[in-house]
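Under UniProt numbering, the first residue of the sequence shown carries the number 1, and numbering increases by one thereafter. What follows is a set of notes on a single structure, which appears directly below.
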Amino acid sequence: MSLIMSVWGLVLKMPPEKLQRLYVDFPQHLRHLLGDWLENQPWEFLVGSDAFCCNMASALLSATLQHLQTLAGEQGEGSAILQHISTLESIYQRDPLKLVATFKHILQGERKAVMEQFHHLPMPFHRKQEELKFNTVLRRLQHRVGETRLLREALKQGAEAGQGGSLGPPCLQALATLLQEAVAELEAAQALVLKRIQIWKRQQQLAGNGAPFEESLASLQERCESLVDIYSQLQQEVGAAGGELEPKTRAVLISRLEEVLRTLVTSSFLVEKQPPQVLKTQTKFQAGVRFLLGLRFLGAPAKPPVVRADMVTEKQARELSMPQGPGAGTESSGEIINNTVPLENSIPGNCCSALFKNLLLKKIKRCERKGTESVTEEKCAVLFSTSFALGPNKLHIQLQALSLPLVVIVHGNQDNNAKATILWDNAFSEMDRVPFVVAERVPWEKMCETLNLKFMAEVGTNRGLLPEHFLFLAQKIFNDNSLSTEAFQHRSVSWSQFNKEILLGRGFTFWQWFDGVLDLTKRCLRSYWSDRLIIGFISKQYVTSLLLNEPDGTFLLRFSDSEIGGITIAHVIRGQDGSSQIENIQPFSAKDLSIRSLGDRIRDLAQLKNLYPKKPKDEAFRSHYKRELELHCPLPCPLCVIPDFSIFIAPLLLPAHQSCPSFPLSSPPNPGVVHGSPFLPNS
1 MSLIMSVWGL VLKMPPEKLQ RLYVDFPQHL RHLLGDWLEN QPWEFLVGSD AFCCNMASAL
61 LSATLQHLQT LAGEQGEGSA ILQHISTLES IYQRDPLKLV ATFKHILQGE RKAVMEQFHH
121 LPMPFHRKQE ELKFNTVLRR LQHRVGETRL LREALKQGAE AGQGGSLGPP CLQALATLLQ
181 EAVAELEAAQ ALVLKRIQIW KRQQQLAGNG APFEESLASL QERCESLVDI YSQLQQEVGA
241 AGGELEPKTR AVLISRLEEV LRTLVTSSFL VEKQPPQVLK TQTKFQAGVR FLLGLRFLGA
301 PAKPPVVRAD MVTEKQAREL SMPQGPGAGT ESSGEIINNT VPLENSIPGN CCSALFKNLL
361 LKKIKRCERK GTESVTEEKC AVLFSTSFAL GPNKLHIQLQ ALSLPLVVIV HGNQDNNAKA
421 TILWDNAFSE MDRVPFVVAE RVPWEKMCET LNLKFMAEVG TNRGLLPEHF LFLAQKIFND
481 NSLSTEAFQH RSVSWSQFNK EILLGRGFTF WQWFDGVLDL TKRCLRSYWS DRLIIGFISK
541 QYVTSLLLNE PDGTFLLRFS DSEIGGITIA HVIRGQDGSS QIENIQPFSA KDLSIRSLGD
601 RIRDLAQLKN LYPKKPKDEA FRSHYKRELE LHCPLPCPLC VIPDFSIFIA PLLLPAHQSC
661 PSFPLSSPPN PGVVHGSPFL PNS
């Protein structure tokens, strides 16, 4: 199924009569001709009737008419459609804002109808709208700077011509007002960029659990650079206005502009390549930072700034996030080797970055833990820091960027519990949180989304978990045998239930069991899962209800409930009296399946006949069987080709003149057995 990228794509799936009322003021045929081009224009971000909105509306009217004429020509539309276009031009030429209002009404109505029928809007649509909004804000800012420049120059020319008195205080006040409005709009545009940076950081964190992530920082860099350009122009305008502004007004404008610049600069220093979130001491790792405004401010200094990487505790990270934090020089909580790299510009790559290629955490200083908190629940981070002098005034700028939280381990057996801490933090932390605060309890529905995301990413499959899988997982984590998903719909799950409390009657936590399933499936069962041959997450009791009335030899595959990282086969044995018994074969581990694959083990077991509900096992698992003869014959050989290798190979005697060429006749091999078939030496 193709991904629908636009609202219009969903509109086309709806009955036309549901939308007819929207096209009273604009011909429906022309609306169809415009398609999704219409929603990719900034109609909804033109608010008001000032000069900027009027100019934009006129430009959009021209673009719309031109686009319609082009489409009409491409699609061979007749003179009737051209007449429609001419009529539109005559109607809206006098008042382009009326066209803006018409299209706003149509687009809002289409969105409302789509939400009513499909309950969602395409994700690409949201991204496009955010982009349109920022671009419109930027164009308005550029327009505002132009207005300011024109008024200032008019005042200057009037003063030079001796007309200063006639222009008088109203014009001076208008200039001050224009500059104040322009700075306010710059601050609003900066807020949009800062929000976008926070979203990028959050998406980067979710990617740690397997979520898709658009890593490129190119568009964010362009936005930051465009705002710095506006800042520079406004700074020049404030400076050029000079005595035409009251000293207090001028000082406030300069202060606000400097704060915009400082915030933009410090917020544009990002961790582009995160260190591993489960970090083992004495193990090399990489990390990298990116300075989005480096190309603008660093140029080609004789000595580039040096970025330093230091380990900090959660407490130190919290202090750093405060307005009056300790800043650079924070004591490191661990010894990192090779922890300094220059921050350099790359003109071909259009970026300013520092890549740490050979970092190594030599040792870690553990801090005091809270209550029952274990070592693998202790979160810390890598702090990247540098400083440089900005501009002709040599303004000292300190840059700091904190990595995502990580857990330091010293033994491989701590890896499982450390991954649980990171999974929980990545999934359930909030943007702009105090480091590294995260909820202790979350809705079960969100936990299901997280487990599904992690499973698909870790295993490398497009086949996610199903509602019946989540029911089994809920029964397991809550120790509740309720049989409906509704029973768990509004429940919440705690961190303790996830990875501190031992499951009833077991020796492990829920996460330890689930992670064992992840590892087994990733290593040995990916193709079986993707081919829908494994039910997997299902209880013994439910297996019994499924198989009890099935024919002898019906079987299914489920993950072991009592062991970590095992898969078992449950099958029906039907007695001569017709009675049924469900037998569960001893679970296979990853080690077992590395010796002999699951498919071949199923082929070996004659008592297994049909994969539940009624699929013959050879039909279901044919592509997973190994060609046994070829394993013993290293060279291509016609006698070793088995057209249908799902069928058991009966004992085969090869006459001397048909001996396999892989075994030379001059040196007869010892009798060997290949899947029960002897190779006999020459007589």
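Just so it is clear, CB atoms sit at the ideal spot from N, CA and C, and this is done for glycine as well.
Asked: Burial state of Pro655, where buried means 16 or more other Cβ atoms lie within 10 Å; Found: Annotation note: pLDDT 36 at Pro655 (below 50); position unreliable, no value reported.
Asked: Status (buried if at least 16 other CB within 10 Å, exposed otherwise) for Leu395; Found: exposed
Asked: Three CB pairs or more closer than 8 Å across the segment 174 to 182 and the segment 235 to 250; Found: yes
Asked: Residue from Ser492, Glu225, Ala418, Arg463 whose Cα sits closest to the Cα of Val375; Found: Ala418
Asked: Val114 versus Leu30 - alpha carbon distance; Found: 20 Å
Asked: Cα-Cα separation between Glu319 and Leu399, rounded to whole angstroms; Found: 16 Å
Asked: Three or more C-beta pairs below 8 Å linking the segment 449 to 458 and the segment 228 to 240; Found: no
Asked: DSSP state of Val312 mapped onto helix, strand, coil; Found: strand
Asked: 6 Å CB neighbourhood of Val641 in its chain, flanking five on each side removed; Found: Residue confidence for Val641 is low, a pLDDT of 41 falling below 50, so the modelled location carries little weight; the figure read from the coordinates is stated next. Excluding positions up to five away in sequence, the list is empty.
Asked: Residue span of the alpha helix (DSSP H) that contains Glu344, given as start and end; Found: No alpha helix (DSSP H) contains Glu344, which is instead part of the beta strand (DSSP E) from 344 to 346.
Asked: For Ile501, three-class secondary structure by DSSP; Found: As written in the sequence, residue 501 is Glu, which differs from the Ile given in the question. In the structure shown, Glu501 sits in coil (DSSP, three-state: anything other than H, G, I, E or B).
Asked: 8 Å contact criterion, which Val7 and Leu121 should meet: CB distance rounded; Found: 6 Å
Asked: Whole-angstrom distance between Thr509 and Gln475, CA atom to CA atom; Found: 14 Å
Asked: Own chain residues within Cβ distance below 6 Å of Arg523, not counting five before or after; Found: Ala590
Asked: Close beta carbons around Gln203, own chain, < 8 Å, minus the five adjacent residues each side; Found: Ala211, Phe213, Glu214
Asked: Residue range of the unbroken beta strand (DSSP E) whose run includes Val493; Found: 492 to 494
Asked: Residue range of the alpha helix (DSSP H) that includes Cys54; Found: 51 to 74
Asked: Ranges of the alpha helix (DSSP H) found wholly within the segment 463 to 490, counting only runs of at least 4; Found: 467 to 478, 486 to 489
Asked: Same chain, Cβ closer than 8 Å to Gly460, neighbours up to 5 away in sequence not counted; Found: Lys522, Arg526
Asked: Cβ contact check for the segment 14 to 23 and the segment 43 to 59: 3 or more pairs under 8 Å; Found: no
Asked: Per DSSP, cross-strand counterpart(s) of Glu335; Found: Lys363
Asked: Proximity to Arg574 [Cα-Cα], best of Gln414, Leu172, Ile582; Found: Ile582
Asked: Per-residue DSSP class, three states only, for Ile585; Found: coil
Asked: Local conformation of Glu430 per DSSP, three classes; Found: coil
Asked: C-alpha distance - Ser387 paired with Glu331, whole-angstrom precision; Found: 17 Å
Asked: Check whether Asn209 and Ala427 have beta carbons under 8 Å apart; Found: yes
Asked: Closest residue to Leu406 among Asn499, Glu619, Pro435 (Cα-Cα distance); Found: Pro435
Asked: Whole runs of the alpha helix (DSSP H) within the segment 245 to 308, excluding any shorter than 4 residues; Found: 247 to 267, 294 to 297
Asked: Touch test, the segment 287 to 299 against the segment 348 to 360, Cβ-Cβ under 8 Å, three pairs minimum; Found: yes
Asked: C-alpha distance - Leu423 paired with Phe455, whole-angstrom precision; Found: 12 Å
Asked: For Asp36, the nearest candidate out of Leu12, Leu46, Ser58, His411 (CA to CA); Found: Leu12
Asked: Span separating the alpha-carbon of Gln83 from that of Gln69; Found: 11 Å
Asked: C-beta contact flag for Leu107 and Glu39 at 8 Å; Found: yes
Asked: Which of helix, strand or coil DSSP assigns to Ser353; Found: strand
Asked: Inter-residue Cα distance where the pair is Ile42 and Ser62; Found: For the record, residue 42 in the displayed sequence is Pro; it is not Ile. Those two C-alpha atoms are separated by around 14 Å.
Asked: Reference Ser216, options His143, Leu227, Val437, Ile197, closest by Cα; Found: Ile197
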